[in-house]
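Protein chains: 2
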Amino acid sequence: MTGASGVGKDTIRREAVPGLGDLYYSVSATTRAQRPGETDGVQYRFLEVDAFRALIDEGGLLEWAEYVGDFYGTPLEPVEEALAAGRDVLLELELAGARQVKQRLPEAIMVFIAPPSLDELERRLRGRGTDDDAKIAKRLARAREEIRAVREFDYVIVNDDLDRAVRDFEAVVRAERVRANRLLDDQVEDFLREGPDEHDA
Amino acid sequence: MTGASGVGKDTIRREAVPGLGDLYYSVSATTRAQRPGETDGVQYRFLEVDAFRALIDEGGLLEWAEYVGDFYGTPLEPVEEALAAGRDVLLELELAGARQVKQRLPEAIMVFIAPPSLDELERRLRGRGTDDDAKIAKRLARAREEIRAVREFDYVIVNDDLDRAVRDFEAVVRAERVRANRLLDDQVEDFLREGPDEHDA
Numbered sequence: 001m002t003g004a005s006g007v008g009k010d011t012i013r014r015e016a017v018p019g020l021g022d023l024y025y026s027v028s029a030t031t032r033a034q035r036p037g038e039t040d041g042v043q044y045r046f047l048e049v050d051a052f053r054a055l056i057d058e059g060g061l062l063e064w065a066e067y068v069g070d071f072y073g074t075p076l077e078p079v080e081e082a083l084a085a086g087r088d089v090l091l092e093l094e095l096a097g098a099r100q101v102k103q104r105l106p107e108a109i110m111v112f113i114a115p116p117s118l119d120e121l122e123r124r125l126r127g128r129g130t131d132d133d134a135k136i137a138k139r140l141a142r143a144r145e146e147i148r149a150v151r152e153f154d155y156v157i158v159n160d161d162l163d164r165a166v167r168d169f170e171a172v173v174r175a176e177r178v179r180a181n182r183l184l185d186d187q188v189e190d191f192l193r194e195g196p197d198e199h200d201a
Numbered sequence: 001m002t003g004a005s006g007v008g009k010d011t012i013r014r015e016a017v018p019g020l021g022d023l024y025y026s027v028s029a030t031t032r033a034q035r036p037g038e039t040d041g042v043q044y045r046f047l048e049v050d051a052f053r054a055l056i057d058e059g060g061l062l063e064w065a066e067y068v069g070d071f072y073g074t075p076l077e078p079v080e081e082a083l084a085a086g087r088d089v090l091l092e093l094e095l096a097g098a099r100q101v102k103q104r105l106p107e108a109i110m111v112f113i114a115p116p117s118l119d120e121l122e123r124r125l126r127g128r129g130t131d132d133d134a135k136i137a138k139r140l141a142r143a144r145e146e147i148r149a150v151r152e153f154d155y156v157i158v159n160d161d162l163d164r165a166v167r168d169f170e171a172v173v174r175a176e177r178v179r180a181n182r183l184l185d186d187q188v189e190d191f192l193r194e195g196p197d198e199h200d201a
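Top line first, the protein sequences correspond to chains A and B.
Residue numbers for the first sequence follow our numbering, beginning at 1 and rising by one.
Residue numbers for the second sequence follow our numbering, beginning at 1 and rising by one.
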């Protein structure tokens, strides 16, 4: 899941996840300042720059990127554990991170959350009131760059109507779960199961 | 949408379609006998064998097949009209027909509705009480052949729980509507729309 700051990724995820059954939401590590109301380990795992760099050096990140002066990354171990247990994993990533994950895990499904327009995105960022003008300008420049890469994604959900965007996101996860390429040979054997009263020619 | 007689295709379609907005459900033509409660033009367009053959000769069918002694086919014209109007089209097809459509319309999405097992499918067919033993045996042989081709499909929905199967089918249609490859250049232009207060570097 990729999309600009302010486009509504967090909201869509929070509204959609309860309806999606067993889904592991990966908590990113970041060096950015903790905001009022945020809890370490919930919105992000907040790290000092040195600790973050150590994690990079250990190969402990599935992907990482620097964004508007801060580092963001996905701790590898919990993702590997969830996938090994057969769980779906939801990652919220910047474009650079999404590209790294797609390279390492080609079966990953890339969902882009688009704003109705950059105009509307700017209104939302200003309404949030957490960023100064310079930071908003940087976020909009990044958003523009990400939108230009939209065709690298598998799905594009426009967040012009939150309810519809949430249902579209749920639909993407549900649909991907019934993709034929996820079907196991054992399941096909189940479909073919017959009793002793066989009808083979 | 493909799946054995008795697997629940009709029920899934009837329950799912009202929630899917503008979707054109193609009514197949067939030479099989009209069953009690069926209306010409609703479940099927019922044709005499001669009229069906004339339609084949005119190139008026998107696909057609013979199944258990009867002909089934999809009239081409209403499908072309619906697609030209930008509508999604839902076809309910046997395996041979689904393959013909995929060849002529490679962008078609193939959904397979699988029974929990052939055992359970046989119970449902017997419960329906419309077919004699010989016809049931033929339907099961056909179902077995279709299941063996299941990996040709894009999605596989197991109808072991009707509510879940309906929601999965709705999810597939919703998700396919937000596929990035359906995104128009005009829509990307909309995302990039900015007011006079530009933030270009």
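Just so it is clear, CB atoms sit at the ideal spot from N, CA and C, and this is done for glycine as well.
Contact with chain A is found for Arg193 (chain B), since one of that chain's Cβ atoms lies less than 7 Å from the residue's Cβ. The Cβ atoms of Leu125 (chain B) and Ile136 (chain B) lie closer than 7 Å to each other. For the pair Leu118 (chain B) and Glu58 (chain A), the CB atoms are not nearer than the 7 Å cut-off. Within its own chain, the residues whose Cβ lies closer than 6 Å to the Cβ of Val49 (chain B), once the five positions on either side in sequence are excluded, are Thr31, listed in chain order. For Ala54 (chain B), the enclosing alpha helix (DSSP H) stretches over residues 49-57.
Secondary structure at Pro115 (chain B): coil, using DSSP grouped into helix, strand and coil.
The DSSP assignment places 162-177 as complete runs of the alpha helix (DSSP H) inside the stretch 154-179 of chain B, in order along the chain (cut-off: 4 residues). Look at Arg35 (chain B): its C-beta is not under 7 Å from any C-beta on chain A. Residues Glu63, Ala65 of the same chain have their beta carbon placed closer than 6 Å to that of Gly97 (chain A), with the five preceding and five following residues left out of the count. Close to chain B, meaning a Cβ-Cβ distance shorter than 9 Å, are the following residues of the stretch 144-162 of chain A: Arg144, Ile147, Arg148, Val150, Arg151, Glu152, Phe153, Asp154, Tyr155, Val156, Ile157, Val158. Burial is judged here by how many other beta carbons sit within 10 angstroms of a residue's own beta carbon; Gln34 (chain B) has fewer than 16 and is exposed. Per DSSP, the continuous beta strand (DSSP E) segment holding Leu61 (chain A) begins and ends at 61-67. Under the DSSP assignment, Val89 (chain A) falls in the beta strand (DSSP E) whose first and last residues are 88-90. Residues of the same chain with a CB within less than 6 Å of the CB of Tyr44 (chain B), apart from the 5 flanking positions on each side, are Ser28, Thr30 in chain order. Ala171, Val172, Arg174, Ala175, Val178, Arg179, Ala180, Leu183: these are the residues of the stretch 171-187 of chain B whose beta carbon lies less than 7 Å from some beta carbon of chain A, given in chain order.
Ile109 (chain A) has its alpha-carbon roughly 25 Å from the corresponding atom of Leu55 (chain A). For Gly97 (chain A), the enclosing alpha helix (DSSP H) starts and ends at 95-104. Ser5 (chain B) has its alpha-carbon roughly 31 Å from the corresponding atom of Val178 (chain B).
In this structure, the alpha-carbon of Ala149 (chain B) lies about 14 Å from that of Leu184 (chain A). When C-beta atoms of the stretch 128-146 of chain B are compared with those of the stretch 166-180 of chain A, fewer than three pairs fall below 8 Å, so the two segments do not count as touching. Under the three-state reduction of DSSP, Arg35 (chain A) is assigned to coil, being neither helix nor strand.
The C-beta distance from Arg151 (chain B) to Val68 (chain B) rounds to 24 Å, too long to fall under 8 Å, and the pair is not in contact. For Ala149 (chain B), the three-state secondary structure derived from DSSP is coil.
Neighbours of Ser117 (chain A) in chain B, taken as residues at a C-beta separation under 8 Å, are given in chain order as Asp190, Phe191, Leu192, Arg193, Glu194.
Below the 7 Å Cβ cutoff, chain A contributes Arg174, Val178 as neighbours of Asp168 (chain B), in chain order. Residues of chain A with a Cβ closer than 7 Å to the Cβ of Ala114 (chain B) are, in chain order, Phe191. With respect to Ala51 (chain B), Phe169 (chain B) sits apart: the two C-beta atoms are not nearer than 7 Å.
The three-state secondary structure of Ala85 (chain B), taken from DSSP, is coil. As the crow flies, the alpha-carbon of Leu91 (chain A) is around 17 Å from that of Ala171 (chain A). At a Cβ-Cβ threshold of 7 Å, Pro116 (chain A) and Asp88 (chain A) do not count as neighbours.
Here Leu95 (chain B) is near Glu146 (chain B), since their CB atoms are less than 7 Å apart. Counting only the Cα atoms, Phe46 (chain A) lies some 16 Å from Tyr25 (chain A). Rounded to whole angstroms, the gap between the alpha carbons of Ala141 (chain A) and Thr2 (chain A) is 15 Å.
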